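Undergrad: If you use this note's numbering, the sequence shown corresponds to residues 59 to 162, in order. Would you mind keeping the following structure in view while I ask a few things?
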Amino acid sequence: MEWSDVRIFLAIARSGTLGGAARSLQTSHPTVGRRLRALEQAIGHTLFQRTADGLVLTDEGHGIIALAEQMEEGALAMERRLAGQEQNLKGSLRISSADWFGAY
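Right under this line is the structure:
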């Protein structure tokens, strides 16, 4: 299972539709549907019940939503930590230019 599949699972759970998930992930509706089917096949469980109003979590989906949210929180924490490290760069920076450029 890949993190991108978990992101798709969470987006669908939050929006309730493939289209809403696709918009929030800035991808296409068919891609979200294809990735959901692949995820469900890979884990051997149906995560959403398809209804006329959209998608509703099954018992299996409810069973893993908290774990998926923990994965998301971990991934976001890692991104924040790495972004923070980039902002705390230390050391010397040397900038040089031609003499004529400095006159302007």
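Every residue, glycine too, gets a C-beta built ideally from N, C-alpha and C. Model, not experiment: these values are computed from the prediction.
Just to confirm, are residue 106 and residue 113 a CB contact at a threshold of 8 Å?
TA: In this structure, residue 106 places its C-beta atom within 8 Å of the C-beta atom of residue 113.
Undergrad: Applying the 10 Å Cβ sphere with the 16-neighbour rule, what's the burial state of residue 69?
TA: By the 10 Å Cβ count, residue 69 comes out buried.
Undergrad: Between which two residues does the alpha helix (DSSP H) carrying residue 97 extend?
TA: Taken as a continuous stretch (DSSP letters only), the alpha helix (DSSP H) holding residue 97 covers 87 to 101.
Undergrad: So, with DSSP's three-state summary, where would you put residue 37?
TA: Outside the displayed span of the chain (59 to 162) sits residue 37, for which this structure offers no information.
Undergrad: Can you tell me whether residue 119 is helix, strand or coil according to DSSP?
TA: Residue state, collapsed to three classes: helix.
Undergrad: For residue 107, which residues does DSSP report across the bridge?
TA: 114
Undergrad: Over what stretch of residues does the alpha helix (DSSP H) that includes residue 73 continue unbroken?
TA: First-last of the alpha helix (DSSP H) with residue 73: 61 to 73.
Undergrad: Is residue 141 buried or exposed, if buried means 16 or more other CB atoms sit within 10 Å of its CB?
TA: exposed
Undergrad: Would you call the stretch 110 to 125 and the stretch 69 to 88 in contact, with 3 or more CB pairs under 8 Å?
TA: Yes: at least three Cβ pairs fall under 8 Å.
Undergrad: What number of angstroms, rounded off, separates the C-alpha of residue 99 from the C-alpha of residue 151?
TA: 52 Å
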